[in-house]
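These notes are about the structure you will find just below.
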């Protein structure tokens, strides 16, 4: 029974229902900005207030960060209730940290560990390293191939003959990828058991033939829509006569129902256009006729089979190769299962399957969980995968509460299946099998923003592409009436800012200057934004602007341009741990050790690795020394010319003979002073996390008996694997700078004004490029040999579905991007590609299947979005920002010709060494914070406007109190009271000719007054060093040469808060 909502309740009627609905499964379809997280939190609090113990709730999220955030939200509400006299909630507050508020993976692992004895695993079963599993799987595939070669298995040899080119390496990759896809199947073993009988049955193939006809029907329907559109807009008599001829020409295609009908109708030649006709209408007709021709071309491409019998026979001919693939995958599963049992480590999918098996085989455990659980609450339900859905179904008891928005499902690459949400919603909404609640009111954005979003997605998002019919209850409704009382500057909603390409500039350069210029103009004219904290309008600051892009490829370019234009920019991106400086130097130190450990030093391996170590931040050898070492030969050269480094490497090599990997790594950290030298890298905290993360990885390698060679290969595999999800962090938004991030990174955030750049970034359909494909619906999609490899009709169907799913997710990603904006959306893009699109309604599915980018989406809507377009030439567009000056190349006297050699490393396994692994001593947190002060202060000072009051700006910095206080101390210097600063220049790079010399440098800070240029060079601690004074002397010479103003110079110690003038 839902209680009556009080008149003063802050919740909408729909939110109130979502908080109190009981008695059945509940699915809350929560649109962007609808307050879903607040609703979910309040529901939990109300359940606890009703006397349900917190231990009877299971709250599931998809990331550890989301679980931690949910706990903190609940904690804050429980404290609020407890302070207001709800004493009974104190017990819930005390038990919150032990409550089952966790990820799906953690919950599954918890079940497996609790009932480990029923599954035949140990109580300490753990999640294994994905890179280790990947390496082992590739090794196992090679072993299986060797076994089959020895057995001379005829199906295998036929398979290799057909698919191998020069070597079988590519075929091994095919098997690896197919198995990775099959791993997501909840019942992989039973799936393989019936695979051949099911997928090669007459019934299955006939169903696929019907699906193939649906592919053709999509193109025909697109032609039909274009014809109807032309009938609506054409009035010219001669053009109407042309349309009659067109209808006659296409009649066979429109009436086609079977494959043979399409074959008979495929040779279509469109009639010739009349010469004399209304020019405007003729232009529109020509445009649509060209698109109809493209539809016809695609239909002809699909009609490459002689008849249905040929199509069926070609599929049946792939059976033998499907058999051997299944045999290989079965052997692979057996080998990997043995490997994982030996390690007592499993993948997340393995653990989920074990939890499912546990529940399926043990009815009493299922019953206990059902009886003990009051409610299961799932956040971001649209990101659920098949295994997670099966797990929940086994413990559900009409008590599952699901919150999400299928329009924001953007994690297919993590195996999210938005179809699960869509099917549930349909059953609840239309079949009454649960309670479906729509939270359509958006409390984030102004009505003009919502109108723009609805205009776009009502035209491109449908069930077939995007997952929902946008106009069927999914359009956003305005809900935040505070905007009506605070109208602001009147410039809200959607603007599509277009430009003409220029031959001398890349599009991303033009867009960066356009965005920077627009931000500057809006701040200069005092654009107002609504501030929830003050419940009123205020002038926009840099932190109110965000730039969102599909990828991070142009972040560095934006950084350079914004620095040049003196606009503070905070870039949020997940760094790839394996691309970091510390990772590369550690890998190459280990390679040096590996070379030195050989009975005879491997000169090629040692020389290749040593150069990286010499140039690294922990050694930083000068170029002339490196040159002399390599002239003498890497090994003998470093031994004689840099004995200190050689001794370090030799001592570590000796240590490696009797130590575990983690001990070797700890010794490398100690001997080379890694932690002490981290400040030279910039971000001390991130670098420290990287070192600790690698140390934890090496401890894991110790547990499975890895040796030095294995560890080096493991590091190389880490490089190939890309960014690790464990190292990714949520964005911490800067209030003092423009924030730039990818759209994926922006999910969950919101900004008053959002720019959308890089819209021409092409969608990548990587799923459809492989020679062998796997589809949940069609299984293993193989080509057939018919005078060369030929694709069966299955590939046509699967390709279209893969592309539709991928573009559908890109449409949802675009939706996520636009719904981040509270007051203004500005899409920055070249002029639209096309015009004369259909008026209103959905863009034809066949056209949407050909979307290549966000720019293509906008172009397809240009006819109906024309009122949103604004053309602009970028201001201040200049190549000067690059600050690249060609240095004169010195003449080098002729010498001996260099010998070019290809370095090949012979990898051998070392003997297994087992020893204890003492913890490596880490640098104290206080010391690290002091070490990092220089870097953090540099970055923070770049964001501050020296011509305005610094104190409010310092408060907005996302820094620790320690760093903020040190920056505030800097601004308390008498210098800032005595001098009137009119401008400031940060990290000023220069290249200056002084006689025959070329001098380059970077000046930390230049302050400009009416008659003086003041140089300030920051140092962490000591400033009384002769080299510092010489350095500032050069800076002064340079400025006096390029400016007529008086020049003075100071050194400043950040730690000691001391300023010293340099004469």
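Numbering (the numbering used here), first residue to last: -9 to 1053.
All C-beta atoms, glycine included, are put in the ideal place defined by N, C-alpha and C.
Here the structure is a predicted model, which means the values were calculated and not measured.
Cβ shell of residue i (< 6 Å), same chain only, five flanking positions each side left out
i	result
residue 174	405
residue 816	485, 487, 745
residue 729	536, 560, 723
residue 1049	963, 1040, 1042
residue 944	954, 957, 958
residue 893	Residue placement at residue 893 is poorly supported in this model, since its pLDDT is 44, which falls under 50; the coordinates are not used for a value here.
residue 971	936, 937, 997
residue 80	72
Residue range of the unbroken alpha helix (DSSP H) whose run includes residue i
i	result
residue 14	No alpha helix (DSSP H) holds residue 14; DSSP gives it neither H nor E.
residue 37	26 to 39
residue 413	408 to 421
residue 990	Premise fails: residue 990 lies in the beta strand (DSSP E), 987 to 998, not in any alpha helix (DSSP H).
residue 961	951 to 961
residue 584	571 to 586
residue 250	249 to 255
residue 1055	Nothing can be reported for residue 1055, as the shown portion of the chain is limited to -9 through 1053.
Limits of the beta strand (DSSP E) - the one that residue i falls within
i	result
residue 980	973 to 984
residue 1043	1036 to 1043
residue 164	Not the beta strand (DSSP E): residue 164 falls in the alpha helix (DSSP H), residues 159 to 172.
residue 365	365 to 368
residue 483	483 to 489
residue 92	90 to 93
CB contact flag (residue i, residue j, <8 Å)
i	j	result
residue 504	residue 864	yes
residue 117	residue 138	no
residue 568	residue 708	yes
residue 410	residue 379	yes
residue 694	residue 933	no
residue 34	residue 64	yes
residue 849	residue 837	no
For residue i, the three-state DSSP class (helix, strand or coil)
i	result
residue 199	helix
residue 855	coil
residue 7	helix
residue 520	strand
residue 23	coil
residue 242	helix
residue 686	helix
residue 832	coil
residue 711	helix
residue 393	strand
residue 728	strand
residue -7	coil
residue 805	helix
residue 632	coil
residue 1076	Any answer about residue 1076 is impossible in this case: the structure gives the chain only from -9 up to 1053.
residue 526	strand
residue 704	helix
Cut-off 8 Å between Cβ atoms - residues of its own chain near residue i, not counting five sequence neighbours on either side
i	result
residue 363	46, 47, 48, 385, 387, 389
residue 914	For residue 914, the pLDDT reaches just 48, beneath the cut-off of 50, and the residue's location in the model is therefore unreliable, although a value from the coordinates is still provided. Hits under 8 Å: none found.
residue 513	529, 530, 531, 532
residue 11	-8, 425, 427
residue 843	749, 750, 751, 752, 753
residue 1036	1001, 1002, 1003
Neighbourhood of residue i by C-beta, 7 Å cutoff - its chain only, sequence neighbours within 5 removed
i	result
residue 926	949, 953
residue 448	460, 461, 465
residue 345	98, 101, 102, 381
> Pairing CB atoms from the region 282 to 290 with CB atoms from the region 203 to 222, are three or more of them under 8 Å?
Replying inline: yes
> On the three-pair Cβ rule with 8 Å, is the region 574 to 593 touching the region 944 to 963?
Replying inline: no
> Three or more beta-carbon pairs under 8 Å between the region 34 to 51 and the region 423 to 433, yes or no?
Replying inline: no
> Touching or not, the region 772 to 787 and the region 195 to 214, by the rule of three or more beta carbon pairs under 8 Å?
Replying inline: yes
>> Between the region 390 to 405 and the region 59 to 77, can you find at least three pairs of beta-carbon atoms closer than 8 Å?
In response: no
>> Using 8 Å as the cut-off, can you tell me whether the region 650 to 669 makes contact with the region 547 to 566, which would need three or more C-beta pairs spanning the two stretches below that distance?
In response: no
> Counting Cβ pairs, one atom from each stretch, are 3 or more of them under 8 Å apart for the region 253 to 260 and the region 289 to 301?
Replying inline: yes
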